[in-house]
Structures are given as structure tokens and as C-alpha cells.
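Here's the structure we're looking at; comments come further down.
There are 2 protein chains.
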Amino acid sequence: MKGRPREFDADEALDCALEVFWRKGYEGASLSELTEAMGINRPSLYAAFGNKEELFRKALDRYAEGPAAYTREALNAPTAKSVAERLLQGAAEALTHPDYPPGCLGVHGALSCGEAAESIRDELGSRRAAYEVSLRQRFERAKMEGDLSADADCADLARLVTTVAQGMAVQAAGGATRQDLRRVAEMMLRAWPG
Amino acid sequence: MKGRPREFDADEALDCALEVFWRKGYEGASLSELTEAMGINRPSLYAAFGNKEELFRKALDRYAEGPAAYTREALNAPTAKSVAERLLQGAAEALTHPDYPPGCLGVHGALSCGEAAESIRDELGSRRAAYEVSLRQRFERAKMEGDLSADADCADLARLVTTVAQGMAVQAAGGATRQDLRRVAEMMLRAWPG
DNA sequence: ACAATTCCATACCTATCGATACAAATAGTA
DNA sequence: TACTATTTGTATCGATAGGTATGGAATTGT
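Here the protein sequences come in this chain order: A and B. Under this note's numbering, the first residue of the first sequence is numbered 23, with each subsequent residue one higher. Under this note's numbering, the first residue of the second sequence is numbered 23, with each subsequent residue one higher.
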């Protein structure tokens, strides 16, 4: 390994980029804002992350493993209802976390790109679809394990939960408080089948 | 009335602009796309509508009175549950209407603007907030009229319904079908209190 | 000590953004 | 016809977008 070592930490810079994308969306985040927030200059960004689109994808991975990890972890809850509860209450917390911008990077980014960033929108759409599938499969397992009524439609139920979570993301972006979202989650769970 | 008459119909042009904003969001819609869709050129647009922001506001008014009129009309339904039903089922239809872009102009536009268009976001936010208030007041009236249980929290209920509607808008923008959204609305209504 | 390699910084590229200046064209009025 | 008011088309403005070329500074292995 020869050559001059880089003077910044790639993960820290990626976290800063994530926050900018989170606040402004994909197209709303300019390279000048990104480089300023990351503390590096343009050529360093391109050398380390490729281009804006690759940077966004890497920030997205980091988002999924960090601030949005609750979505994956919720699937490990013991029953169908507890899965929904951990997902929706986790959303209420995460979408209004004081250390991060309000709202959801995925929802924010998906709706805020013109046709130039179509590949970004497709990427986010397929990620959401994949999550909805895994949620449906989790509910099917719950049905077999007996903690979800046999006549429930798992696909519809998964779509309902993701729809509410996405609506909560819109609410958070619009200024809803943590308490507001907790109540939405609670009312939704009170109506849980079975 | 002196001077050369304009060669285009202002309302038709506004409808075309509305559709472009609807598909691309506020910042995602460029003036070139707008003028091309409207069939006029740039100075004519500025002479007739002021600037991009004023054009968007006028398109927003036209949206509220046209494709999104169901939100206001739903408030006239006889009972609280029928109000929610008309709103959510109306959303399922409107958000997937074949003659219009999928999704909701308000949700799309609010999440897809950087800080440059902060006034646009505030405008959309206050419109949503105003609607949520009118929905709450409608529920309070329903409580007095006896078709909503006395222990229901009208503010929470209004927020829940708008949250689901906004989530449906995100789902529609992501490609959900009309049938998908109808089922979401139906499941939500099945859990209606009282 | 030297050369290879890598990084950082300035300055610049082309394309596009929203917004306008200007003059030709079209109408009503006298 | 002369005059005025308004629209329309072209051409362009300054600002900013994403993305690079270039050159010097810094750190490594030999």
C-alpha cells in the first residue's frame, strides 16, 4: 500500500452525506452542500465514492443498517402483532429522532426525484417492495404458528402496515411530534385482527 | 380591451402545468417541461402566471377544486364513519385515476422541495394542517350527533385518517394498484371505533 | 535519497436552471 | 393611417448544477 493516506474517515463522511440526503432528498442535495457537510472537496468525493448516485446508494445502505435497522429487527418479534407494534412504534421513534432529520430517507428520496434519477426511484421502490414481501412472509409464518387468525390476508395486512408507516413518514416530515405518531401507531394496533 | 389577444387558453395551460407538477413535484418540474406541456413559451408564462411559484399555487388551487375535490366533499357525508369511508375510498380512486398521474400533488410536492422552495412546503403543510382541523371538527360534530363514540379522541382520529391517506399516496406513487388501495381503505374502515 | 503513488486544492468544463430584454407581430382606438 | 397596448418568439442573462483536468504537497516502499 503506497501513496498518501486520505485525511478523512470515509464512514464519518458517509454519515454526513446521509444526513444531507435525508434532509434534502436525492436531487435536492447539491454537491456543494454534500462536500461542505462531509468536510472534503469534490475530487476527494469522486475518488472515494464514485459519483453522486453511488454515494446515495452507499448512504442508503448505511441508513438501512443504522437509523432504519428497526424495520428489519421488528421482524424478529415473537408474534404478528408484536412485529407490527415494534415496526410502528419504532417508526414513531425513528422518524422523530432528535439526532436525525425528521422523516424517512426512503420516502423522502423516492418522491423527490425527477426522471433524471429514475434509477434511484426504482431502487427505493424495489427496496420497499422487498420489505413488504418479507413482512408478508412473516405474517404467513405467524398464521402457521397460530398467533394470527387464519382468515387474515397476509398480503393486505403487510400493505396496510407499510402504508401506515409511510404515512407516518409524511407526517413526520410535515412536523408531527413523536407523541402524535405514537398515538397513530397505538390506534392502528388497537384495531389489530385477532 | 386593447392589444394583441393571447393565443392560448389560460385554464387549459394551467391544467397542463398541474399535470407536470403532479408527476415531477415542484422542483422536479423545469420551466422547459412546463412551457412545452403548456404549449406556450417562457415570456408568455411569466406574463400570464407571474413566476414558477405563483404558477404552482394556481395549479394547487385548481387541483383542490378538481381532482382532489373529494377530500372536501367527503366532509359532507352523514356520519363520521361515512366521512372516513368517502375520504379513503375516494383517495383510492383519485390516487390511481387513469387520467391523471399516480399519487398526490400535495404529498409529492411537499417532500420534493429543497430549502429554496421552503415557502411551497409551508404552504402545503398549512393546507394539510387546515384539512386535518376541519376533519377533527367534523368528528367532533359527529360525536355530538351521536354517531361517534363519546370516548373517541377526535384529533387523534383525524390524524390517523390523514396519515393513512398520505401513506396511500406514497403507495400509489410507488405503483400500488387501485385494488390494493381499496383493500387498505377497507381494512382501515373495518377497524372503525363504534 | 529517490521514485512511485496517492491525495488535496484550485480552477474550469458543459449543461441547465429560473428569469428577462428586446423587437416583430397583432389587435383595438381615433 | 397613426397611435397605443399587449402578446409572441428569439436570444440571452447570471447563477448553479454535476463532473474533471491539472499541478503541487504528502506519504510510502525500495
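Note that the Cβ used here is the ideal one computed from N, Cα and C, for glycine as well.
- With 16 or more neighbouring CB atoms inside 10 Å of its own CB, A113/B falls in the buried class.
- Taking 8 angstroms as the cut-off, the Cβ atoms of F30/B and L127/B do not count as close.
- Cβ contact annotation for L170/A (same chain, cutoff 7 angstroms, sequence separation greater than five): A102, F161, A164 and G216, in chain order.
- With a beta-carbon spacing of about 39 angstroms, V186/A and T57/B fall beyond the 8 angstroms limit used to define contacts.
- If you draw a 10 Å sphere on the C-beta of L53/B, you find fewer than 16 other C-beta atoms in it, and that means exposed.
- Annotation for C126/A: no alpha helix (DSSP H) segment contains it, and DSSP assigns it neither H nor E.
- Straight-line spacing of the CA atoms in A180/A and P123/B works out to 25 angstroms.
- With contacts defined by Cβ atoms closer than 8 angstroms, A86/A and A59/A do not form a contacting pair.
- For the set G197/B, V183/B, V206/B and M166/B, the Cα lying nearest the Cα of R205/A is the one of V183/B.
- The beta carbon of E107/B lies closer than 6 angstroms to those of L211 in the same chain, with the five residues before and after it left out.
- Apart from the 5 residues on each side of it in sequence, A195/B sits with its Cβ closer than 7 angstroms to the Cβ of P124, G125 and H130 in its chain, given in chain order.
- Here the alpha carbons of S66/B and L110/B stand approximately 39 angstroms from one another.
- Cβ neighbours of T199/B within its own chain (closer than 8 angstroms, five residues either side excluded): T118.
- In summary, P100/A is exposed, with fewer than 16 beta-carbon neighbours lying within 10 Å of its beta-carbon over all protein chains present.
- Contacts with chain B at 8 angstroms (Cβ-Cβ) do not include M166/A.
- Proximity to A207/A across P89/A, E75/A, P27/A and A116/A peaks at A116/A, based on C-alpha coordinates.
- Excluding residues up to 5 positions away in sequence, A132 lie with their Cβ nearer than 7 angstroms to the Cβ of G147/A in the same chain.
- By the neighbour-count definition (other C-beta atoms within 10 Å, threshold 16), E41/A is a buried residue.
- When rounded, the separation of the alpha-carbon atoms in Q193/B and Q201/B is 12 angstroms.
- At a cut-off of 8 angstroms between beta carbons, H119/B makes no contact with chain A.
- For P65/B, the enclosing alpha helix (DSSP H) covers residues R64 to F71.
- The beta carbons of V105/B and A96/B sit closer together than 8 angstroms.
- The alpha-carbon separation between G168/B and A213/A amounts to approximately 21 angstroms.
- A distance below 7 angstroms between beta-carbons, with the five flanking residues on each side excluded, links R158/B to the following residues of its chain, in chain order: C176, A177 and A180.
- Between K74/A and L203/A, the alpha-carbon positions lie close to 33 angstroms from each other.
- In the assembly as shown, R94/A is an exposed residue. Its beta-carbon has fewer than 16 other beta-carbons within 10 Å.
- Chain-order list of chain B residues neighbouring M60/A: empty, with the shortest C-beta distance near 18 angstroms, by a criterion of under 7 angstroms.
- Note on geometry: alpha-carbon atoms of A32/A and S156/B lie some 49 angstroms from one another.
- Secondary structure at R94/B: helix, using DSSP grouped into helix, strand and coil.
- The three-state secondary structure of S156/B, taken from DSSP, is helix.
- For A172/B, there is no enclosing alpha helix (DSSP H), as DSSP marks it with neither H nor E.
- Selection R149/A, R150/A, G25/A and L82/A evaluated against L36/A yields L82/A as nearest (Cα-Cα).
- Take the alpha-carbon of R79/B and the one of A191/A: they are about 24 angstroms apart.
- Following the DSSP letters along the chain, one finds T185/B inside the alpha helix (DSSP H) bounded by residues C176 to A195.
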